[in-house]
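Protein chains in written order, with this note's numbering: chain E, 1 to 569; chain Y, 1001 to 1151.
No residue lacks a Cβ here, since even glycine has one placed at the ideal position from N, Cα and C.
Keep in mind it's a predicted model, so treat the numbers as computed, not measured.
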């Protein structure tokens, strides 16, 4: 069994490397031909002014194609002026791209004269209008179906993303045999949508986490929290929330809750308190404080990679608001669980001894080394941006250094990497690429754009609350991935949004909104799973009753900070 | 070997089951075993790569829950042992009962049945359920509440 898992892990790793190699040309390997001789230079963009790559520009002379060029990543093209064009009575450029209306751009007599003198001319930029065709509806339907399959747990996240990816690619290749409007994109273009910065950052952090989670650090911290509180349960609650929250800011929330929940249940039982009085505030703190750093949540990793918001940017712009939200959450939790906390008592010496036994650092040497490497990584995350060191490289270098230093069983380490999540991300990127390609994202962006106009405050409010409410019912990772281009468009069009404040709004809404429902975050589900196995089930209704007001408070406070920071001051 | 096996999860729902097992142990004088079964089905929401670490943590939590039950038995003059197993509850319970050649299996009363809900097990269904356990384990099934099995 272990051998099979190792083989499947190695296979996944090999696929990952192969996919990077395949995508490499699309990532930047395409060279832009330097203009030589007479020719036409132009720019093609969509209705939002976003450059269009892969557009086909054809020069027609008396209805016959004479020369052609392709637009590059920046939407520009250079089309050499062929000699045959000088003989034609009428010449015109025809610009087309799948999922856009084709457009004809005539050349004036002055332009022709300049070209015939051997000059290179620049034609006015062209905007292509979106074409809503069959591919649009197919991609939109597949994406919605994947979201529904994940939300209703009909399919595992990864399987749902793989099914969605397979369907859009299958339709792309076989659909045009039925009707050309069913083409979405080809395989190369699909792979170009995968954000390898995200994949490698997540993978690097998984290796570091795999080492830390075996050291007993979380259990030790939880027990120290009890000792620090001196048995005062009103004090134990915020300390446990803080420990969980800080761990979540640097490690993934699911791992944090997987390790914090069992020891928390033990502490709660020992002091005679319903464990949910600690677990609910802990998991909510995990979802709230995780937003404060670039690596705290998968949604922040996506946002950082797309928008260029750095680790320091998150610390400076997001952390104060998160702390404000955390204070609100502490007050809310103390108030909500006051009766349960009041019913508790001090743990008996026998139970305390048993707790202490469980809460020992089991691998002190590994913990020390992980601490040193972790501190180094933190410094690189913060200061690496000055030398353009991307977070994915820091994570990979840190993970490799840790492996070299502690020399763990590599088989175990490879198994510890959550390949299913990485494949989920890859499938998701392709799916989001599909809806971006066919124009679904543009339609959403247009709708929100019309709704908020040029009012930044309104845009912040709409985006934050919409993200928070939708994240309660829709998995927040695909939601965030789909919203990134929308927010990118709004950032370009709304005055004042160039500060990237709307990306912070998306970050706050998508992560903190997960506290509203049991299915709002994976950390909620694993916490409920363990609590249920300890005899304390968390129902959907219970989670909503306790979580929804917490969302209102925390999102409201975090948004208040963003308004103060980016609009008032 | 012989004895009473009582499978528990912890929490308020387990208290009647623990109490029933303690009473049965006092009446019969048989050794009492509290059993906690670690089941990681909920990890299907997340990665299977966490199985090793989380299994250890869940075992620790199970031992702690058993400790509380053992403490309750001790207070009533019964010495009980705690046993942690992994896998499906049904299979682990039957396997352990066979292992110690148990005389009784004490099971909790399904929540819906206890609360008289419409979707609850009928007495016939519970009797069928108990018969299945008895045939597989060789031990007599006792529910935590008298009116649970319709007896």
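Residue i at chain E interface by Cβ criterion, 8 Å
| i | result |
| --- | --- |
| residue 1013 of chain Y | yes |
| residue 1129 of chain Y | no |
| residue 1068 of chain Y | yes |
| residue 1085 of chain Y | no |
| residue 1057 of chain Y | yes |
| residue 1009 of chain Y | yes |
Boundaries (first-last residue) of the beta strand (DSSP E) holding residue i
| i | result |
| --- | --- |
| residue 1085 of chain Y | 1080-1086 |
| residue 120 of chain E | 120-122 |
| residue 1105 of chain Y | 1104-1107 |
| residue 1007 of chain Y | 1004-1007 |
| residue 106 of chain E | 103-106 |
Residue-chain proximity (residue i, chain Y), Cβ-Cβ < 8 Å
| i | result |
| --- | --- |
| residue 540 of chain E | no |
| residue 345 of chain E | no |
| residue 450 of chain E | no |
| residue 281 of chain E | no |
| residue 262 of chain E | yes |
| residue 258 of chain E | yes |
| residue 354 of chain E | yes |
| residue 269 of chain E | yes |
Chain-ordered neighbours of residue i on chain Y, where CB pairs are closer than 8 Å
| i | result |
| --- | --- |
| residue 387 of chain E | Within 8 Å Cβ-Cβ: nothing; residue 387 of chain E doesn't reach chain Y, min ~33 Å. |
| residue 366 of chain E | Here the premise fails: no neighbours, minimum Cβ distance about 13 Å. |
| residue 536 of chain E | 1010 and 1011 |
Neighbour list for residue i in chain Y, Cβ cutoff strictly below 7 Å
| i | result |
| --- | --- |
| residue 266 of chain E | 1061 and 1064 |
| residue 358 of chain E | 1060 |
| residue 150 of chain E | None at all; the shortest Cβ gap to chain Y is about 11 Å. |
Run of the alpha helix (DSSP H) containing residue i, from where it starts to where it stops
| i | result |
| --- | --- |
| residue 488 of chain E | 476-493 |
| residue 80 of chain E | Not the alpha helix (DSSP H): residue 80 of chain E falls in the beta strand (DSSP E), residues 76-80. |
| residue 47 of chain E | Here residue 47 of chain E belongs to no alpha helix (DSSP H), and DSSP marks it neither H nor E. |
| residue 199 of chain E | 196-212 |
| residue 525 of chain E | 522-533 |
| residue 1055 of chain Y | 1051-1075 |
| residue 569 of chain E | No alpha helix (DSSP H) contains residue 569 of chain E, which DSSP labels as neither H nor E. |
| residue 189 of chain E | 187-192 |
| residue 85 of chain E | 83-87 |
| residue 221 of chain E | 217-229 |
| residue 1042 of chain Y | Element bounds for residue 1042 of chain Y: n/a, residue is neither H nor E. |
| residue 503 of chain E | 501-512 |
Listed by chain order, chain E residues near residue i by CB distance under 7 Å
| i | result |
| --- | --- |
| residue 1090 of chain Y | What residue 1090 of chain Y touches in chain E: nothing, since even the nearest Cβ is about 15 Å away. |
| residue 1082 of chain Y | Result: empty, since nearest Cβ-Cβ is about 12 Å, beyond 7 Å. |
Per-residue contacts from residue i into chain E (C-beta, under 9 Å)
| i | result |
| --- | --- |
| residue 1042 of chain Y | 525, 526, 528, 529, 530, 532 and 533 |
Per DSSP, cross-strand counterpart(s) of residue i
| i | result |
| --- | --- |
| residue 1140 of chain Y | Y:1104 |
| residue 59 of chain E | E:67 and E:93 |
| residue 51 of chain E | E:45 |
| residue 100 of chain E | E:130 |
| residue 1094 of chain Y | Beta-bridge pairing links residue 1094 of chain Y to no other residue. |
| residue 39 of chain E | E:80 and E:120 |
Report task. Identify every run of the alpha helix (DSSP H) within the stretch 298-326 of chain E, keeping only runs that are complete inside it and at least 4 residues long; order them along the chain. Result -> 298-307 and 311-317
Requested in this report: Could you tell me which uninterrupted alpha helix (DSSP H) segments, each at least 4 residues in length, are contained entirely in the stretch 1014-1040 of chain Y, listed from first to last along the chain?
Outcome: 1015-1028
**Report entry** Entirely enclosed beta strand (DSSP E) segments - the stretch 122-164 of chain E, minimum 3 residues
**Finding:** 126-128
**Report entry** Minimum length 4: unbroken alpha helix (DSSP H) runs contained in the stretch 384-463 of chain E
**Finding:** 391-406, 410-416, 419-438 and 440-452
Query raised in the report: Which runs of the alpha helix (DSSP H), 4 residues or longer, sit entirely within the stretch 251-291 of chain E?
Result: 253-270 and 276-289
Report task. Write down every uninterrupted run of the alpha helix (DSSP H) in the stretch 339-368 of chain E whose length is 4 residues or greater and which is fully enclosed by it, in chain order. Result -> 349-358
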